[in-house]
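Each remark here refers to the structure printed beneath this line.
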Amino acid sequence: MAFQSDQSREMSSERKSGRGKIEIKRIENTTNRQVTFCKRRNGLLKKAYELSVLCDAEVALIVFSGRGRLYEYANNSVKATIERYKKATSDSPNSGSISEANIQYYQQEASKLRAQISNLQNQNKNMLGESLGALTLRELKNLESRVERAIAKIRSKKNELIFAEIEFKCRRGLSRLMLETIFKSMGCNHIMVYLATARPTTSSVSLIQVKEPPVPHVVPFPLS
724 MAFQSDQSRE MSSERKSGRG KIEIKRIENT TNRQVTFCKR RNGLLKKAYE LSVLCDAEVA
784 LIVFSGRGRL YEYANNSVKA TIERYKKATS DSPNSGSISE ANIQYYQQEA SKLRAQISNL
844 QNQNKNMLGE SLGALTLREL KNLESRVERA IAKIRSKKNE LIFAEIEFKC RRGLSRLMLE
904 TIFKSMGCNH IMVYLATARP TTSSVSLIQV KEPPVPHVVP FPLS
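So in the numbering used here, spot 66 of the sequence shown is number 789, and the numbers just go up one at a time.
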């Protein structure tokens with residue numbers, strides 16, 4: 724009998740150790756999440772009942788499911804327990820200090836947000852070439868690099884759309900003269916140069932990459 728009891732204890736310990744811990748995170752599967760909610764909700768309600776009976780404690784439990792359904796338990800009354808809680812917290816000597824701490828925290832957070840907003844507004848002005856007087860030479864160089872990278876991306880996207888438009892127009896059978904007229908009205912002189920020098924094809928214009936004339940590297944303000 725002793726051997727059997729020892730063996731059963733070993734098997735029980737093996738089952739416990741092999742089970743592993745459940746990772747506490749949101750369950751993605753909807754069905755599994757609902758099943759787990761039902762099981763744990765019942766366990767929570769049972770624990771609340773046991774606590775109220777064993778310890779003669781006033782317990783109120785409110786649970787809303789993910790779908791918004793209400794579940795509650797109270798050994799007295801949920802409303803009565805909530806009113807008791809409100810009275811206890813309002814009469815607490817520490818309630819004033821807690822409120823002041825909350826006000827101070829939110830004031831600090833608001834100050835941080837105002838500083839971030841001001842910084843973003845200044846950055847936007849700098850990108851437009853405004854409010855540059857307070858920037859150092861290094862900051863100006865960094866700003867210049869950012870603007871040049873932005874211009875390069877804008878040009879690349881613009882050329883992509885223009886060439887797509889050329890291909891579309893050519894497939895519709897528009898003549899070279901009509902294309903030149905269209906892109907002249909759009910102010911795309913570099914595309915007109917390409918159209919004037921490209922060899923005509925039967926269906927569409929050969930889509931080669933055309934580089935725009937580089938923008939002159941001009942310092943927008945005198946350096947001291």
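Note that the Cβ used here is the ideal one computed from N, Cα and C, for glycine as well.
Is it true that the CB of residue j sits closer than 7 Å to the CB of residue i?
i, j, result
"residue 848", "residue 854", "yes"
"residue 795", "residue 785", "yes"
"residue 774", "residue 782", "yes"
What would DSSP say about residue i, mapped onto helix, strand or coil?
i, result
"residue 801", "helix"
"residue 782", "coil"
"residue 795", "strand"
Taking 7 Å as the limit between beta carbons, can you name the residues of its chain near residue i, skipping five residues before and five after?
i, result
"residue 759", "750"
"residue 768", "784, 796"
"residue 738", "Reliability fails at residue 738, whose pLDDT of 48 lies under 50, so the model's placement of it is uncertain and the value that follows must be treated cautiously. There are no such residues."
"residue 764", "786, 794"
Of the choices the options, whose alpha-carbon is the least far from that of residue i?
i, options, result
"residue 846", "862, 802, 755", "862"
"residue 787", "761, 812, 780, 800", "761"
"residue 873", "851, 789, 757", "851"
"residue 756", "789, 771, 869, 885", "789"
"residue 799", "771, 824, 811", "771"
Within 7 Å of any Cβ in chain B, is that where the Cβ of residue i sits?
i, result
"residue 763", "Considering every chain present, this structure includes no chain B. It has just one protein chain."
Please go through the same chain and pick out, in chain order, the residues whose beta-carbon is closer than 6 Å to the beta-carbon of residue i, but skip the five residues on each side of it.
i, result
"residue 866", "849"
"residue 779", "none"
"residue 858", "none"
Return the chain-ordered list of same chain residues with a C-beta closer than 8 Å to the C-beta of residue i, the five sequence neighbours on each side being excluded.
i, result
"residue 744", "none"
"residue 869", "850"
"residue 807", "781"
Extract the residue ranges of the beta strand (DSSP E) inside the region 819–867, only unbroken runs of 3 or more that lie entirely within it. none
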